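Student:
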Amino acid sequence: MLVANHGTTALIGKPPEFYLGKTDLEFLPDKTQARQIMETDQRIMRSGKPVQIEESVDMPDGSATIWLSAKAPLLDDSGEIIGLIGSSIDVTARKKAETALLELNRDLEARVTEVVAEREAAHAALRQSQKMEAIGQLTGGIAHDFNNLLAGITGSLDLIKMRLNQGRTADVERYVSVAYGAAQRAAALTHRLLAFSRRQTLLPEHTDVHTLIAEMEELIRRTVGPTIDLQVDLTAMSSTCLVDPAQVENSLLNLCINARDALGEGGRISISTFNQVLEQGPELDAELLPGAYLTICVADDGAGMSPETLSKAFEPFFTTKPVGAGTGLGLSMVYGFVKQSGGQMKIDSEEGVGTRVYLQLPVEAAQAEALKQTAPKTDVDLNLSGETVLVVDDEPSVRMFVSEALGSLGYRVIEAADGLAGLQLLQSDTPIDLLITDIGLPGGIDGRRMAESARKCRPRLPVLFMTGYAEPSVAGNQPLEAATAVLIKPFALEALTLHVNGLLRNT
Numbered sequence: 118m119l120v121a122n123h124g125t126t127a128l129i130g131k132p133p134e135f136y137l138g139k140t141d142l143e144f145l146p147d148k149t150q151a152r153q154i155m156e157t158d159q160r161i162m163r164s165g166k167p168v169q170i171e172e173s174v175d176m177p178d179g180s181a182t183i184w185l186s187a188k189a190p191l192l193d194d195s196g197e198i199i200g201l202i203g204s205s206i207d208v209t210a211r212k213k214a215e216t217a218l219l220e221l222n223r224d225l226e227a228r229v230t231e232v233v234a235e236r237e238a239a240h241a242a243l244r245q246s247q248k249m250e251a252i253g254q255l256t257g258g259i260a261h262d263f264n265n266l267l268a269g270i271t272g273s274l275d276l277i278k279m280r281l282n283q284g285r286t287a288d289v290e291r292y293v294s295v296a297y298g299a300a301q302r303a304a305a306l307t308h309r310l311l312a313f314s315r316r317q318t319l320l321p322e323h324t325d326v327h328t329l330i331a332e333m334e335e336l337i338r339r340t341v342g343p344t345i346d347l348q349v350d351l352t353a354m355s356s357t358c359l360v361d362p363a364q365v366e367n368s369l370l371n372l373c374i375n376a377r378d379a380l381g382e383g384g385r386i387s388i389s390t391f392n393q394v395l396e397q398g399p400e401l402d403a404e405l406l407p408g409a410y411l412t413i414c415v416a417d418d419g420a421g422m423s424p425e426t427l428s429k430a431f432e433p434f435f436t437t438k439p440v441g442a443g444t445g446l447g448l449s450m451v452y453g454f455v456k457q458s459g460g461q462m463k464i465d466s467e468e469g470v471g472t473r474v475y476l477q478l479p480v481e482a483a484q485a486e487a488l489k490q491t492a493p494k495t496d497v498d499l500n501l502s503g504e505t506v507l508v509v510d511d512e513p514s515v516r517m518f519v520s521e522a523l524g525s526l527g528y529r530v531i532e533a534a535d536g537l538a539g540l541q542l543l544q545s546d547t548p549i550d551l552l553i554t555d556i557g558l559p560g561g562i563d564g565r566r567m568a569e570s571a572r573k574c575r576p577r578l579p580v581l582f583m584t585g586y587a588e589p590s591v592a593g594n595q596p597l598e599a600a601t602a603v604l605i606k607p608f609a610l611e612a613l614t615l616h617v618n619g620l621l622r623n624t
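118 is the number of the first residue of the sequence shown in the numbering used here; add one for each residue after it.
Here it is as structure tokens:
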């Protein structure tokens, strides 16, 4: 080192005579460090380019320091490199602070990760608790309602058996009616549960919702009673949706009955429609597509709901009505239907002000005419011409009922217990005029796949699907194909007969 300023003396902590005229190897106590510094200096001189580097230096007092040095080759007048010029500052304190901050950040990140994990665990435990509470409420409600219905069915059957053993038949028809009525109520309960879980079988068609509401208005007025002021305001420009019209009717009736019950002795219920363009964001459920929607609003100026009640409004079997006055499936059924139809349901409610329920359904791109669907004709006579019907169902009691019923009406019936056996018959030369099949069949081939395969060799074959639980539904959210119908289990003999005759007469 040939020249140095006072800062060098302060940095090194020794007088100038200690280091001037000496190499780093001569005045630095750590010879390994000195050699590394000198090798770096020589490399800079050879490259001819300035650099900025950090250097570790042990001072004569034994302290370890870090220098931030800026070094560059020193040139003479002719441009030849004759040495090295540089400046250094002690950044030891700064580096220690940076290291401490880095460690603090690592500790903080670890703590944040730990806290987030604890919070997620708490949320998961809460969700599980809420799920178990909902399941408990659901199963308790199902058990209560079904046990009541089964008691009526089994009790009636026991009475029928006793009367037949006694040779007395006068009361048998009454007992049959009681059992049949209880069975129908049990079927209605399962349909509501399927609607809540979005697994019911829908028969969507292009429906003008305005026309449907107008046709229902008188029924709704009679249902809510003369003390309720019903107002209908249908202002939507586009009101055609691809929905199951029967489920729209059920949903509107349910909402109006709920509104009537909230009003008590009198008040106002309004049914209104309008169009909205919903964009991705808070106003649209995450799984839905943005676009044009028809909004149906059913509003009342009744008691309204508390935030706690509102948070449970869609839960199955939750009801604020007195015991026996409601099943608690109304709103949950409507919610399931709307979600299954590609829409969403919202509720605004305030205690003492009233409640507004919004059903938002996707609008058809054009005001299309209703597609013609294969539907049973209620005015046809029984067909006794002896057509051959293939019945496929894995439940023996269902096969027996359908086969016995159709056989007694003059049809020739062939039975199969699974999709594979049914498909083998359909791919054979056996004459078959109609396929009646359950959708959920064992053996790897369900009813839909069997029907699709059968129509490759029998393209005009009419198909009647039977289902008590459809996931996915027969046609998704599209109209049924021609010569296709769906019969929801449990079904009556009359419904079976009308569907069979309707399909055979339309092919």
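Just so you know, even glycine gets a beta-carbon here, dropped at the ideal spot from N, CA and C. Quantities reported herein were computed from a predicted structural model and do not represent experimental measurements.
1. Using a Cβ-Cβ cut-off of 7 angstroms (strictly less than) and excluding sequence neighbours within five positions of Phe-144, which residues of its own chain qualify?
2. Which residue spans inside the stretch 508-539 form an unbroken beta strand (DSSP E) run of at least 3?
3. Nearest to Pro-607 by CA position, among Arg-302, Thr-216, Val-415, Leu-526, is which residue?
4. Alpha carbon to alpha carbon, what distance is there between Lys-131 and Gly-165?
5. According to DSSP, Lys-463 sits in a beta bridge with which residue or residues?
6. Please tell me whether Val-580 and Ala-600 are closer than 8 angstroms, where the distance is taken between their beta carbons.
7. Classify Phe-135 as helix, strand or coil using the three-state DSSP reduction.
8. According to DSSP, is Val-233 helix, strand or coil?
9. Can you tell me the Cα-Cα spacing of Gln-159 and Ile-202, whole angstroms?
10. By Cβ distance below 8 angstroms, which residues in the same chain neighbour Ala-492 in space, the five residues on each side in sequence not counted?
11. Is it buried or exposed, Met-517, if we count other Cβ atoms within 10 angstroms and call 16 or more buried?
12. By a C-beta neighbour count over all protein chains shown, 10 Å radius and 16 as the cutoff for buried, is Ser-294 buried or exposed?
13. I want to see whether chain D comes within less than 8 angstroms of Leu-274, judged by CB atoms only; does it?
14. As a quick exercise: from Tyr-410, Pro-190, Asp-346, pick the residue whose alpha carbon is nearest that of Ser-355.
15. Which residues mark the beginning and the end of the alpha helix (DSSP H) in which Pro-362 is found?
16. Compare the beta carbon distance of Val-480 and Thr-390 with 8 angstroms and say whether it is the shorter of the two.
17. I need the boundaries of the alpha helix (DSSP H) containing Pro-424, first residue and last residue.
18. Going by Cα to Cα distance, which pick from Gly-200, Asp-193, Asp-147, Ala-189 is closest to Thr-182?
19. Using a Cβ-Cβ cutoff of less than 8 angstroms, which residues in the same chain neighbour Cys-574 once the five nearest sequence positions on both sides are dropped?
20. With DSSP collapsed to three states, give me the class of Lys-188.
21. Is the stretch 389-403 in contact with the stretch 346-353, if contact means three or more CB pairs nearer than 8 angstroms?
22. Could you tell me if Ser-423 is buried or exposed, where buried requires 16 or more neighbouring beta carbons within 10 angstroms of its beta carbon?
23. What is the C-beta distance between Leu-347 and Ile-386, in whole angstroms, given that I count them as a contact (C-beta under 8 angstroms)?
24. When we look at the beta-carbon of Ala-483 and count the other beta-carbons within 10 Å, is it buried (16 or more) or exposed?
25. Below 8 angstroms on the Cβ atoms is my guess for Gly-408 versus Gly-384; work out the distance and round it to an integer in Å.
26. Could you have a look at Ser-458 and say whether DSSP puts it in helix, strand or coil?
27. If you reduce the DSSP assignment to three classes, tell me which class Ser-389 lands in.
28. Count the other CB atoms, across all protein chains shown, that sit within 10 Å of the CB of Gly-441; report buried if there are 16 or more and exposed otherwise.
29. Count the other CB atoms within 10 Å of the CB of Ile-206; is the residue buried (16 or more) or exposed (fewer)?
30. Mind checking which residues open and close the alpha helix (DSSP H) that includes Glu-172?
31. Tell me the DSSP bridge mates of Gln-348?
32. Evaluate His-616 with the Cβ neighbour count: other Cβ atoms within 10 Å of its Cβ, from every protein chain shown; 16 or more gives buried, anything less gives exposed.
33. In whole angstroms, give me the CA-to-CA distance for Val-168 and Leu-406.
34. Helix, strand or coil, according to DSSP, for Ala-121 in the structure here?
35. Let's test the definition: count the other Cβ atoms within 10 Å of the Cβ of Lys-278 and tell me whether it reaches 16, buried, or not, exposed.
36. Taking 8 angstroms as the cut-off, decide whether the C-beta atoms of Val-69 and Val-530 are in contact.
Tutor: Based on what the coordinates show:
1. As a first step, residue 144 must be located in the sequence shown, where it is residue number 27. Contacts found: Phe-135, Tyr-136.
2. 529-533
3. Reading the sequence shown from its first residue, position 490 is the one you call residue 607. Pro-607 has its Cα closest to that of Arg-302, out of Arg-302, Thr-216, Val-415, Leu-526.
4. As a first step, residue 165 must be located in the sequence shown, where it is residue number 48. As a first step, residue 131 must be located in the sequence shown, where it is residue number 14. For Gly-165 and Lys-131, the distance between alpha carbons rounds to 31 angstroms.
5. Numbered from its first residue, the sequence shown carries residue 463 at position 346. Answer by DSSP bridge pairing, in chain order: Tyr-475.
6. Here residue 580 refers to the residue found at position 463 when the sequence shown is read from its first residue. Here residue 600 refers to the residue found at position 483 when the sequence shown is read from its first residue. Result yes, Cβ atoms of Val-580 and Ala-600 sit closer than 8 angstroms.
7. One-based indexing of the sequence shown puts residue 135 at position 18. In this structure, Phe-135 counts as helix in the three-state DSSP scheme.
8. As a first step, residue 233 must be located in the sequence shown, where it is residue number 116. Correct three-state label for Val-233: helix.
9. The residue you call residue 159 lines up with position 42 of the sequence shown. The residue you call residue 202 lines up with position 85 of the sequence shown. Rounded to whole angstroms, Gln-159 to Ile-202 spans 12 angstroms at the Cα level.
10. By 1-based counting over the sequence shown, the position of residue 492 is 375. Since pLDDT at Ala-492 reaches only 36, below the 50 mark, its modelled position is unreliable, and no value is offered.
11. Counted from its first residue, the sequence shown places residue 517 at position 400. Classification of Met-517: exposed, given that the 10 Å Cβ count is below 16.
12. As a first step, residue 294 must be located in the sequence shown, where it is residue number 177. With fewer than 16 Cβ atoms within 10 Å of its Cβ, Ser-294 is classed as exposed.
13. Among the chains in the structure shown there is no chain D, since it carries only a single protein chain.
14. Within the sequence shown, the letter at position 238 stands for residue 355. Per the Cα distances, Tyr-410.
15. Locating residue 362 in the sequence shown gives position 245, where the first residue counts as 1. Residues 362-380.
16. The residue you call residue 480 lines up with position 363 of the sequence shown. The residue you call residue 390 lines up with position 273 of the sequence shown. Going by C-beta atoms, Val-480 is not nearer than 8 angstroms to Thr-390.
17. Position 307 of the sequence shown holds residue 424. That run of the alpha helix (DSSP H) goes 424-428.
18. By one-based count along the sequence shown, residue 182 stands at place 65. If we check each option's Cα against that of Thr-182, Asp-147 comes out closest.
19. Start at 1 with the first residue of the sequence shown, and residue 574 comes out as number 457. The residues are Leu-543, Gln-544.
20. Within the sequence shown, numbered from 1, the residue matching residue 188 stands at position 71. Reduced to three states, the DSSP call for Lys-188 is strand.
21. yes
22. Here the question's residue 423 lines up with position 306 in the sequence shown. Ser-423 should be labelled exposed.
23. Sequence index remark: in the sequence shown, residue 347 carries index 230 (1-based). Sequence index remark: in the sequence shown, residue 386 carries index 269 (1-based). Right, their Cβ atoms sit about 5 angstroms apart.
24. For the purposes of this step, residue 483 is taken as the residue at position 366 of the sequence shown. Caution is warranted here: a pLDDT of 39 is assigned to Ala-483, below 50, making its placement in the model unreliable, and the coordinate value is therefore given only provisionally. With fewer than 16 Cβ atoms within 10 Å of its Cβ, Ala-483 is classed as exposed.
25. Taking the first residue of the sequence shown as position 1, residue 408 is located at position 291. Taking the first residue of the sequence shown as position 1, residue 384 is located at position 267. Rounded, the Cβ-Cβ distance is 35 angstroms, inconsistent with contact.
26. Start at 1 with the first residue of the sequence shown, and residue 458 comes out as number 341. Three-state result, Ser-458: coil.
27. Position 272 of the sequence shown, counting from 1, holds the residue named residue 389. In the structure shown, Ser-389 sits in a strand (DSSP, three-state: E or B).
28. As a first step, residue 441 must be located in the sequence shown, where it is residue number 324. With a pLDDT of only 40 at Gly-441, under 50, the local geometry of the prediction cannot be trusted, and the value read off the model is given with reservation. Its Cβ having fewer than 16 others within 10 Å, Gly-441 is exposed.
29. The sequence position of residue 206 within the sequence shown is 89, counting from 1. Ile-206 should be labelled exposed.
30. Here residue 172 corresponds to residue number 55 of the sequence shown, with the count starting at 1. Where Glu-172 is concerned, there is no enclosing alpha helix (DSSP H), although the beta strand (DSSP E) it sits in stretches over 168-175.
31. For the purposes of this step, residue 348 is taken as the residue at position 231 of the sequence shown. Ser-387.
32. The residue labelled residue 616 in the question sits at position 499 within the sequence shown. Label assigned to His-616: buried.
33. Taking the first residue of the sequence shown as position 1, residue 168 is located at position 51. Taking the first residue of the sequence shown as position 1, residue 406 is located at position 289. Distance between the alpha carbons of Val-168 and Leu-406: 58 angstroms.
34. For the purposes of this step, residue 121 is taken as the residue at position 4 of the sequence shown. Coil.
35. Translated into the one-based positions of the sequence shown, residue 278 becomes position 161. Classification for Lys-278: exposed.
36. The shown model of the chain, from 118 to 624, leaves out residue 69, and the question about it has no answer.
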